[in-house]
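Below is one structure, written out as structure tokens; comments come after it.
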Ligand SMILES: Cc1ncc(COP(=O)(O)O)c(C=O)c1O
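Residue numbers (the numbering used here): 98 to 549.
Shown next as structure tokens:
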């Protein structure tokens, strides 16, 4: 629906349910009404509401995303419900964000309780939840110092600045070059698109930031050849997520650690996607037994509430002295309380070890699926619950994604050719089986569409 500015806005009440003025925490935490058993005529009015919402979204959202024609209203565990009441298995989970699934009672209760207590005070002061979260992250990861922000890009931006400022403070301002890798993804700010190893993300935004060199992922010889006294830091994802769900080859992270040490450079692990249990360990780099100097986190840390973090070794704590970096919202009490609850629930429910087991199950299911469709798929790969089905060259991943969505399965595309699975860590084995069954159906339909 396109509307001229003179036309009245549609009655808001037709789109936005009224909010009750003073819902208690218990009311907020109560399960929402069922989507089943709608009154007669409800389905057509829901379809109309959905059409209106899609039209309004198309008219007023910026248009920088390629959004699927579906509008979500609520979620529960691994399931999302759209505005027509249709249920989907959500194996996108907000792109590896909703670690506890949707509406986890503990997270819902924490956010409601904390919102009623204290949301935000700024970083001119300490807040209790933030101090406790910093201490808990330090204890769990062994990295003793934390800077908080609101997203993965901000965490990486902080790391970029910390590394450069570290050498500047040591009187070595000429040491500012970063090495990062082809097909990496580090965010959408100017520094992080420059680090990102895909030129399309930084095209058209004017002169690029100087001092970033991209190398083939996994190629230690290339890294060795690029090292020198000008290299300040190496940025790497333990598993390249957006680039196509590519785990670092065995020995690669250890090799980077050795080269960084040999040349006096710093090693940064971007664990925005791999962190917080996604791969079956708290940090993805734990699989390799390698420690970085700086680790960045976001996505799963807040379970859907925005928060990012940069963890550093003690020696780097003084690299960003007061006044050199900051964030108004970073580390606010509400986000910190949410993250503390995510960490607690992951531990109490044993979800990180379970992610390794469920990941093995998913790997087996996807391997069988790929073998059943050898004309469409070349295999599966990943670590823990960050996995992908690799489509053969020329197979339209976007079409496959849409066919899966029609069958009630939400996935994302990584690296152009990979159907990526990042289900909530609370996903059940039965849900994994059902999701793979739906993808199987979608691939059969794809074969028909492509007339193969
Ligand atoms: C490895 C990695 N780093 C950074 C980012 C950017 O995070 P955000 O979108 O929260 O800024 C992402 C997002 O996909 C990511 O996967």
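Each residue gets a CB set at the ideal place from its N, CA and C atoms; glycine is no exception.
Taking C-beta atoms under 8 angstroms as the contact rule, residue 366 and residue 333 qualify, at a distance of about 6 angstroms. DSSP links residue 368 through a beta bridge to no other residue.
Looking at the DSSP output, residue 185 bridges to 177. Residue 404 holds the alpha-carbon nearest to the alpha-carbon of residue 244 among 404, 522, 313 and 504. When the alpha-carbon of residue 438 is set against those of 187, 179, 360 and 202, the nearest one is in 202.
Taking the Cα positions, residue 274 is about 26 angstroms away from residue 386.
Nearest to residue 250 by C-alpha distance, out of 232, 283 and 518, is 283. When rounded, the separation of the alpha-carbon atoms in residue 271 and residue 307 is 12 angstroms. With a threshold of 16 other beta carbon atoms within 10 Å, residue 390 meets it and is buried. Here residue 481 is not near residue 436, since their CB atoms are 9 angstroms or more apart. For the pair of segments examined, the stretch 322–332 was found not to touch the stretch 370–380: the number of CB pairs separated by less than 8 angstroms stays below three.
By the neighbour-count criterion, in which 16 or more other beta carbons inside 10 Å mark a residue as buried, residue 490 falls on the exposed side.
Measuring C-alpha to C-alpha distances from residue 360 to each of 349, 419, 497 and 322 identifies 322 as the nearest. Residue 189 and residue 508 do touch by the CB rule: their CB atoms are close to 6 angstroms apart, below 8 angstroms.
Rounded to whole angstroms, residue 432 and residue 204 show a C-alpha spacing of 11 angstroms. With a cutoff of 9 angstroms on beta-carbon distance, residue 298 and residue 290 are scored as near each other. Set against 8 angstroms, the gap from the CB of residue 253 to the closest heavy atom of ligand 1 is smaller.
For the pair residue 335 and residue 311, the Cα-to-Cα distance works out to about 16 angstroms. Closest in C-alpha terms to residue 318, from the list 456, 288, 349 and 423, comes 349.
In the structure shown, the three-state DSSP call for residue 475 is strand. Residue 423 has its CB no nearer than 8 angstroms to any heavy atom of ligand 1. Ranked by Cα distance from residue 469, the first of 174, 540 and 240 is 540.
Placement of the Cβ of residue 396 at a distance of less than 8 angstroms from at least one heavy atom of ligand 1 is found.
Residue range 249–266 is occupied by the alpha helix (DSSP H) that includes residue 257. At least one heavy atom of ligand 1 is found less than 8 angstroms from the C-beta of residue 370. The continuous stretches of alpha helix (DSSP H) do not include residue 270, and DSSP gives it neither H nor E. Annotated three-state conformation of residue 211 is helix, per DSSP. Here the alpha carbons of residue 394 and residue 430 stand approximately 18 angstroms from one another. Here residue 337 is near residue 314, since their CB atoms are less than 9 angstroms apart.
Put simply, of 514, 154 and 434 the residue whose alpha carbon is nearest the alpha carbon of residue 216 is 434.
In this structure, the straight-line span from the alpha carbon of residue 170 to that of residue 179 is close to 5 angstroms. Residue pairing of residue 278 in beta bridges, as defined by DSSP: 312. In this structure, the straight-line span from the alpha carbon of residue 411 to that of residue 252 is close to 17 angstroms. Taking all protein chains in view, the Cβ of residue 257 is crowded by 16 or more other Cβ atoms within 10 Å, so the residue is classified as buried. Relative to ligand 1, the beta carbon of residue 393 is positioned inside 8 angstroms of a heavy atom. At least one heavy atom of ligand 1 is found less than 8 angstroms from the C-beta of residue 282.
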